[in-house]
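K.L.:
With the first letter of the sequence shown counted as 1, position 46 gets the number 46 in my numbering; the numbers rise by one all the way through. Glycine is no exception: its CB is placed at the ideal position from the N, C-alpha and C atoms. Before anything else, here's the structure in question.
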Amino acid sequence: MLQRITLHLARTPSHPEGDSRDGYEIAAPLTEDGRLDAEQWHLERERCRVRRFRPGEPDRHGWLLHRAGGDGGATWLIDYDDSRRDDDEGTFKLDRHRIAVGEYISVRGDDDDFVPFRVASIRRIGTVSLALSGRP
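See below:
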């Protein structure tokens, strides 16, 4: 079953409190222990969508992709335009991370550095959110 994973910008030097207006919504299958499920992703890849939101910018919409190779044997990334690769946003060892509320995920930013995001909520698609309480 697909989960809607909401990420908010974590604390950074330019955002010491983080920013809940800057983040991602990702539809992805998770295993029972909270890891991305590559096998299930292959069955539902067209539904594994991503929305990138950031203040002052239009939302970007794309897909969660799983590619063979990379560190650990697989790479998860966000693809906004399948005709080009220069718009892809990579993740840091997402094949090994447990995705749970309060955990951190790093996404490669526009400047090629990894930017930390905090998992704010996870909910089954079509159910009520299990939101993180408090500030980002």
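Using the rule of at least 16 other Cβ atoms within 10 Å of the residue's Cβ for burial, across every protein chain shown, is I122 buried or exposed?
P.N.:
Translated into the one-based positions of the sequence shown, residue 122 becomes position 122. Flag for I122 reads buried.
K.L.:
List the endpoints of the continuous alpha helix (DSSP H) containing H97.
P.N.:
As a first step, residue 97 must be located in the sequence shown, where it is residue number 97. It is not in any alpha helix (DSSP H) - H97 carries neither H nor E in the DSSP assignment.
K.L.:
Within 10 Å of its beta-carbon, does L43 have 16 or more other beta-carbons around it, so buried, or fewer, so exposed?
P.N.:
Taking the sequence shown and counting its residues from 1, one reaches residue 43 at position 43. That one is exposed.
K.L.:
Helix, strand or coil for E44 per DSSP?
P.N.:
Counting from 1 along the sequence shown, the entry for residue 44 is found at position 44. E44: helix per DSSP, three-state reduction.
K.L.:
Can you name the start and end residues of the beta strand (DSSP E) that G34 belongs to?
P.N.:
Working through the sequence shown from its first residue, we reach residue 34 at position 34. G34 -> no beta strand (DSSP E), and no H or E assigned at all.
K.L.:
Give me, in chain order, the residues of the same chain whose beta-carbon lies closer than 7 Å to that of L130; leave out the 5 immediate sequence neighbours on both sides.
P.N.:
Residue mapping note: residue 130 aligns to position 130 of the sequence shown, counting from 1. Interpretation of L130 is limited by its pLDDT of 47, a score under 50 that renders its predicted location unreliable; the figure taken from the coordinates is listed afterwards. For L130, where only same-chain residues beyond five positions count, the Cβ hits under 7 Å are V101, S121, I122 and R123.
K.L.:
Using a 10 Å radius around the Cβ and a threshold of 16 neighbouring Cβ atoms, would you call A28 buried or exposed?
P.N.:
Translated into positions along the sequence shown, residue 28 becomes position 28. A28 should be labelled buried.
K.L.:
Where does D22 land, buried or exposed, given buried means 16+ other C-beta within 10 angstroms?
P.N.:
Locating residue 22 in the sequence shown gives position 22, where the first residue counts as 1. That one is buried.
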